[in-house]
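Engineer:
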Amino acid sequence: MSLNPQSFRFRMEESVAWLTLDRPEVLNAITFEVYAELREAFLALDSEPGVRAVVLTGTGRAFCSGGDVEKIIGELFARDRAGLLEFTRQTCDLVRAIRACRRPVIAAVNGLTAGAGAVIATACDFRIASDTAKIAFLFTKVGLSGADMGASWLLPRIVGLARATHLLMLGDFLDAREAERIGLYHVVVPADRVADEARSLAGRLARGPSEALAVTKSMLNREGSMDLWTALETEAQEQARCMTHPNFREAYEAFRAKREPNFR
4 MSLNPQSFRF RMEESVAWLT LDRPEVLNAI TFEVYAELRE AFLALDSEPG VRAVVLTGTG
64 RAFCSGGDVE KIIGELFARD RAGLLEFTRQ TCDLVRAIRA CRRPVIAAVN GLTAGAGAVI
124 ATACDFRIAS DTAKIAFLFT KVGLSGADMG ASWLLPRIVG LARATHLLML GDFLDAREAE
184 RIGLYHVVVP ADRVADEARS LAGRLARGPS EALAVTKSML NREGSMDLWT ALETEAQEQA
244 RCMTHPNFRE AYEAFRAKRE PNFR
């Protein structure tokens, strides 16, 4: 595929795309270029036929420490209100691209995760974390709202309103086991097993029914704003459509033949 980012590393392992933030000397802090290229990557991966799952991770002892103090935060003081709004919309566009990507996205949280990095991990569908992976939504620590990049929409749906309020207002770090206990991390493993655990999960998802997984992700995005009756009708419509997909027939034939299904 034509994806050739300059601000992070990209590789394909069979049908799984790996995106690796690679600025370990600054704990993989994000620059304007990283925001833009990650957004473009997720938009491209959404329709790339050879991609069935995506893994996002970091190099070194951090997943992502948030916005680069010198290359983003320092520069923002020179902007007027319109320029600041342009930037905050750019950050939100990355989360929008992750959530809109029809491929399941796994955050392999290899270490420290803070600020924008914490929201990016939260926007992913799965979070596999190192037992050393501390995380903080520390926006209020720097005088900004905890409602950043969709955090106040995403986080309550994962950990509940009370815990989200605590995390977003106080900005405290959570250790890995506590993050797992409250449901923010799906799985916590030793640091040297994070990539293997993410690879195993990505492989399982990649072998799954891609259209059904894409519809599931879409409905998880959409149903939060629906009443029950609207949700029931929408699910009925989408499920009926999935029943016309070849994967539904393949699952049936595989069951009858007592073999594993070969999903498209």
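Once you know that position 65 of the sequence shown is 68 in my numbering, the rest is easy, because the numbers rise by one and skip nothing. A virtual CB, placed ideally from N, CA and C, is assigned to each residue, including glycine.
Which residue wins for smallest C-alpha separation from ALA44, given the options ALA132, LEU24, GLU28?
Structural biologist: Nearest C-alpha to ALA44: LEU24.
Engineer: Helix, strand or coil: how does DSSP classify MET152 here?
Structural biologist: In this structure, MET152 counts as coil in the three-state DSSP scheme.
Engineer: Below 8 Å, can you find three or more Cβ-Cβ pairs linking the segment 128-139 to the segment 78-95?
Structural biologist: As far as the Cβ criterion goes, the segment 128-139 does not touch the segment 78-95, which means the pair count is below three.
Engineer: Locate the beta strand (DSSP E) running through GLU183, then write down its first and last residues.
Structural biologist: That residue, GLU183, is in no beta strand (DSSP E); its alpha helix (DSSP H) goes 179-184.
Engineer: Going by C-alpha distance, which of ALA136, MET152, ASN224, PHE142 is nearest ILE123?
Structural biologist: Per the Cα distances, MET152.
Engineer: Which of helix, strand or coil does DSSP assign to LEU6?
Structural biologist: Of the three classes helix, strand and coil, the one that applies to LEU6 here is coil, per DSSP.
Engineer: Go ahead and pull the three-state DSSP assignment for LEU208.
Structural biologist: DSSP places LEU208 in helix when its eight states are reduced to three.
Engineer: Could you tell me which residues DSSP puts in a beta bridge with TRP21?
Structural biologist: Per DSSP, ARG14, VAL58.
Engineer: Per DSSP, which residues does ALA65 bridge with? Please list them.
Structural biologist: ALA65 is bridged to LEU115.
Engineer: Grouping DSSP H, G and I as helix and E and B as strand, with all else coil, what is GLY70?
Structural biologist: Here GLY70 sits in strand by DSSP.
Engineer: Does the segment 207-227 touch the segment 42-62, meaning 3 or more C-beta pairs lie closer than 8 Å?
Structural biologist: Cβ pair count under 8 Å is three or more, so yes.
Engineer: Could you give the DSSP three-state label for SER133: helix, strand or coil?
Structural biologist: SER133: strand per DSSP, three-state reduction.
Engineer: Using the DSSP secondary-structure output, state which residues sit across from ILE138 in a beta bridge.
Structural biologist: Paired residues: THR116, LEU177.
Engineer: Among all the DSSP beta bridges, which residues are the ones paired with ALA110?
Structural biologist: According to DSSP, which records beta bridges pairwise, ALA110 is partnered with LEU59, ARG130.
Engineer: CB-CB under 8 Å to LEU171, same chain, minus the five flanking residues each way: which ones, in chain order?
Structural biologist: Within the same chain, LEU171 has close Cβ partners PHE140, PHE142, THR143, GLY149, ALA150, ALA154, SER155, LEU158.
Engineer: Leaving out the 5 sequence neighbours to the left and right, which residues in its chain are closer than 8 Å to GLN93 when beta-carbon positions are compared?
Structural biologist: Here the set comprises PHE35, TYR38, ALA39, ARG42.
Engineer: Per DSSP, VAL192 forms a beta bridge with which residues?
Structural biologist: Beta-bridge pairing links VAL192 to SER133.
Engineer: Who are the Cβ neighbours of ALA179 in its own chain at under 6 Å, not counting the five residues just before and after it?
Structural biologist: Here the set comprises ALA132, ASP134, ALA136, VAL191.
Engineer: Just curious, the alpha helix (DSSP H) that GLY86 is in, first and last residue?
Structural biologist: That run of the alpha helix (DSSP H) goes 84-103.
Engineer: Roughly how many angstroms separate the alpha carbons of THR168 and ILE76, rounded to a whole number?
Structural biologist: Between THR168 and ILE76, the C-alpha separation is close to 25 Å.
Engineer: Which first and last residues belong to the alpha helix (DSSP H) in which LYS220 is found?
Structural biologist: Element bounds for LYS220: 213-225.
Engineer: Going by the DSSP bridge assignment, what does ILE33 pair with across the sheet?
Structural biologist: Paired residues: GLY70.
Engineer: Using C-beta distances below 7 Å, list every residue in its chain close to PHE251, excluding the 5 sequence neighbours before and after it, in chain order.
Structural biologist: Excluding positions up to five away in sequence, the list reads CYS245.
Engineer: Tell me which residues share the same chain as LEU59 and place their Cβ nearer than 6 Å to its Cβ, disregarding the 5 neighbours each side in the sequence.
Structural biologist: Cβ neighbours of LEU59 beyond the five flanking positions: LEU22, ALA110.
Engineer: Quick one, are the C-beta atoms of ARG102 and ALA121 less than 7 Å apart?
Structural biologist: The answer is no: Cβ separation not under 7 Å.
Engineer: GLU238 lies in the alpha helix (DSSP H); which residues open and close that run?
Structural biologist: Note, GLU238: alpha helix (DSSP H), 231-245.
Engineer: Can you find the residues in the same chain that come closer than 8 Å, C-beta to C-beta, to PHE13, ignoring five residues on each side of it along the sequence?
Structural biologist: Same-chain partners within the cutoff: LEU6, ASN7, ALA20, TRP21, LEU22, THR23, ALA44.
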